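Going by full-length UniProt numbering, 16 is the number at position 16 of the sequence shown; the sequence numbering is gapless.
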Amino acid sequence: MTKKYTYQRKHKAVTTVRPQTFRFLDLPLELRRFVYNFLPIRTKHTVIYGGMPENHLSEDKPATFTLNTKIISAQLLCTCRQINLEAKPYVERILAVIKEDIPRITMD
(Lines of atoms letter the chains of each structure in order from A and count residues from 1; the text may use other names and numbers.)
(Lines give C-alpha, C1' and ligand atoms only; values in the text may rest on other atoms or scores of the structure.)
Protein backbone atom coordinates (compact mmCIF):
# COMPACT_ATOMS: atom_id res chain seq x y z
CA MET A 1 0.00 0.00 0.00
CA THR A 2 1.36 3.42 -0.88
CA LYS A 3 0.53 6.94 0.17
CA LYS A 4 0.74 10.02 -2.00
CA TYR A 5 2.20 13.22 -0.66
CA THR A 6 1.88 16.58 -2.39
CA TYR A 7 4.09 19.54 -1.60
CA GLN A 8 4.87 22.91 -3.18
CA ARG A 9 8.19 23.45 -4.92
CA LYS A 10 8.80 26.82 -6.54
CA HIS A 11 5.16 27.35 -7.45
CA LYS A 12 4.68 23.80 -8.74
CA ALA A 13 2.82 21.03 -6.99
CA VAL A 14 4.95 17.91 -6.86
CA THR A 15 3.40 14.56 -5.99
CA THR A 16 5.60 11.79 -4.64
CA VAL A 17 4.68 8.23 -3.79
CA ARG A 18 6.12 6.78 -0.59
CA PRO A 19 5.68 3.14 0.32
CA GLN A 20 3.98 2.49 3.62
CA THR A 21 6.22 1.20 6.39
CA PHE A 22 6.17 -2.55 7.02
CA ARG A 23 5.53 -3.34 10.68
CA PHE A 24 6.71 -6.80 11.70
CA LEU A 25 4.56 -6.89 14.82
CA ASP A 26 1.43 -6.45 12.68
CA LEU A 27 1.99 -9.99 11.39
CA PRO A 28 0.15 -12.75 13.25
CA LEU A 29 2.20 -14.63 15.84
CA GLU A 30 2.20 -17.79 13.70
CA LEU A 31 3.93 -15.96 10.84
CA ARG A 32 6.47 -14.32 13.16
CA ARG A 33 7.32 -17.76 14.58
CA PHE A 34 7.77 -19.00 11.03
CA VAL A 35 10.29 -16.19 10.45
CA TYR A 36 12.15 -17.03 13.69
CA ASN A 37 12.59 -20.62 12.46
CA PHE A 38 14.60 -19.32 9.51
CA LEU A 39 17.11 -17.12 11.32
CA PRO A 40 20.34 -17.42 9.35
CA ILE A 41 23.48 -19.09 10.65
CA ARG A 42 26.52 -17.45 9.09
CA THR A 43 30.13 -18.54 8.88
CA LYS A 44 32.63 -15.97 10.12
CA HIS A 45 36.14 -16.07 8.66
CA THR A 46 38.79 -14.51 10.90
CA VAL A 47 42.22 -14.19 9.30
CA ILE A 48 45.20 -14.42 11.67
CA TYR A 49 48.54 -13.27 10.35
CA GLY A 50 51.58 -15.08 11.73
CA GLY A 51 55.13 -13.81 11.99
CA MET A 52 58.09 -14.66 9.79
CA PRO A 53 59.92 -17.93 10.50
CA GLU A 54 63.23 -17.57 12.37
CA ASN A 55 65.44 -18.50 9.43
CA HIS A 56 63.41 -16.79 6.74
CA LEU A 57 64.49 -16.00 3.22
CA SER A 58 63.44 -12.89 1.37
CA GLU A 59 60.80 -14.74 -0.67
CA ASP A 60 59.15 -16.33 2.38
CA LYS A 61 55.75 -15.01 3.30
CA PRO A 62 54.36 -14.88 6.82
CA ALA A 63 51.98 -17.72 7.61
CA THR A 64 48.28 -16.90 7.69
CA PHE A 65 45.55 -18.89 9.36
CA THR A 66 41.81 -18.61 8.92
CA LEU A 67 39.50 -19.41 11.80
CA ASN A 68 36.04 -20.44 10.56
CA THR A 69 33.25 -20.23 13.14
CA LYS A 70 29.45 -20.34 12.95
CA ILE A 71 27.57 -17.32 14.30
CA ILE A 72 24.03 -16.03 14.61
CA SER A 73 23.11 -12.39 14.91
CA ALA A 74 21.43 -11.56 18.20
CA GLN A 75 20.32 -8.10 17.06
CA LEU A 76 16.76 -9.32 16.67
CA LEU A 77 16.59 -9.80 20.44
CA CYS A 78 17.41 -6.11 20.96
CA THR A 79 14.48 -4.71 18.98
CA CYS A 80 11.78 -4.82 21.67
CA ARG A 81 10.66 -6.90 24.64
CA GLN A 82 7.91 -8.70 22.77
CA ILE A 83 10.19 -9.86 19.95
CA ASN A 84 12.84 -10.78 22.51
CA LEU A 85 10.39 -13.01 24.37
CA GLU A 86 9.10 -14.59 21.16
CA ALA A 87 12.45 -15.16 19.42
CA LYS A 88 14.62 -16.13 22.40
CA PRO A 89 13.69 -19.85 22.39
CA TYR A 90 14.48 -20.06 18.66
CA VAL A 91 17.83 -18.29 19.07
CA GLU A 92 18.74 -20.52 22.02
CA ARG A 93 17.95 -23.63 19.96
CA ILE A 94 20.19 -22.39 17.15
CA LEU A 95 22.96 -21.52 19.63
CA ALA A 96 22.85 -25.08 20.99
CA VAL A 97 23.50 -26.36 17.45
CA ILE A 98 26.33 -23.85 16.94
CA LYS A 99 27.99 -24.86 20.23
CA GLU A 100 28.21 -28.45 18.98
CA ASP A 101 30.01 -27.36 15.81
CA ILE A 102 33.81 -27.41 16.04
CA PRO A 103 35.58 -24.28 14.75
CA ARG A 104 37.88 -25.02 11.83
CA ILE A 105 41.34 -23.60 11.24
CA THR A 106 42.85 -23.51 7.77
CA MET A 107 46.42 -22.53 7.00
CA ASP A 108 47.19 -20.53 3.87
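Beta carbons: idealized from backbone N, C-alpha and C, even for Gly.
Values in this document were obtained by computation on a predicted structure and should not be read as measured data.
- Here the C-alpha atom of residue 28 lies approximately 40 Å from the C-alpha atom of residue 104.
- Residue 35 has no beta-bridge partner at all, per DSSP.
- In the structure shown, residue 65 adopts extended strand secondary structure according to DSSP, grouped into three states.
- Residue 107 has its alpha-carbon roughly 44 Å from the corresponding atom of residue 82.
- Take the alpha-carbon of residue 88 and the one of residue 67: they are about 27 Å apart.
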